[in-house]
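*Asks:* Reading the sequence shown from the start, the letters are residues 1 to 120 in full-length UniProt numbering.
Below: one structure in structure tokens.
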Amino acid sequence: MAKMTKECSNSPTCSVDWAFRRIGGKYKGRILWCLNEYTVIRFGELGRVLADVTTKMLTQTLRELEKDDLINRKVYHQVPPMVEYSLTETGKELIPFIKYLKNWGDKKISTQRQQRNVLQ
């Protein structure tokens, strides 16, 4: 078995932890995936696509993703105000990893369903 590197064994600067703090959270992965699928999306549309996310939580999560330079927020100064979101280059770099996690999750969910069906 491979040994854990010293950088990640007990370190607050572990790059694995650092990365998961940026994309971890209940909705961040789904928001990033959605922005990849739609390219550019308005706040209201994003709220409808992610129907189980409250407006407050969506706003908070979008702010965190923007602060971490994973998404762009473009405000149009008009009446009514319009805000669009898109991935930054840094956010786009994450998509292959999120896609891998999505495929892994799909596979594991399918396996669990099959196991439940066998047991029933």
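Note that the Cβ used here is the ideal one computed from N, Cα and C, for glycine as well.
Just so you know, these numbers come straight off a predicted model, no measurement behind them.
In the DSSP assignment, find the alpha helix (DSSP H) that holds Lys56 and state where it starts and stops.
*Replies:* Position 56 of the sequence shown, counted from the start, is the residue given in the question as residue 56. That run of the alpha helix (DSSP H) goes Thr55 to Lys67.
*Asks:* Write down the C-beta distance between Leu58 and Leu94 rounded to the nearest angstrom, noting that I regard them as a contact closer than 8 Å.
*Replies:* Locating residue 58 in the sequence shown gives position 58, where the first residue counts as 1. Locating residue 94 in the sequence shown gives position 94, where the first residue counts as 1. About 19 Å separates the two Cβ atoms, so there is no contact after all.
*Asks:* If contact is defined by three or more beta carbon pairs under 8 Å, each pair taking one atom from either stretch, is the region 96-105 in contact with the region 38-58?
*Replies:* No, because fewer than three Cβ pairs between the region 38-58 and the region 96-105 fall closer than 8 Å, the two stretches do not touch.
*Asks:* Going by Cα to Cα distance, which pick from Tyr27, Ala19 and Val40 is closest to Thr84?
*Replies:* Walking along the sequence shown from the start, residue 84 turns up at place 84. According to the sequence provided, residue 84 is Glu. The question's Thr does not apply to it. Selected option, being the one with the closest Cα: Val40.
*Asks:* Measuring straight from C-alpha to C-alpha, what distance separates Ile109 and Met82?
*Replies:* Within the sequence shown, residue 109 is the residue found at index 109, counting from 1. Within the sequence shown, residue 82 is the residue found at index 82, counting from 1. Rounded to the nearest angstrom, the two C-alpha atoms are 37 Å apart.
*Asks:* Considering only residues of the same chain and omitting the five flanking positions on each side of Ser86, which have a CB-CB separation below 8 Å?
*Replies:* In the sequence shown, the residue the question calls residue 86 occupies position 86. Closer than 8 Å at the Cβ level, and outside the excluded window around Ser86, lie Leu35, Thr39, Val40, Ile41, Ile71, Asn72 and Lys74.
*Asks:* Rank Gly29, Gly25, Leu119 and Gln112 by C-alpha distance to the C-alpha of Gly91 and give the top, closest one.
*Replies:* Indexing the sequence shown from 1 puts residue 91 at position 91. Checked all of Gly29, Gly25, Leu119 and Gln112; the closest Cα to Gly91 is Gly29.
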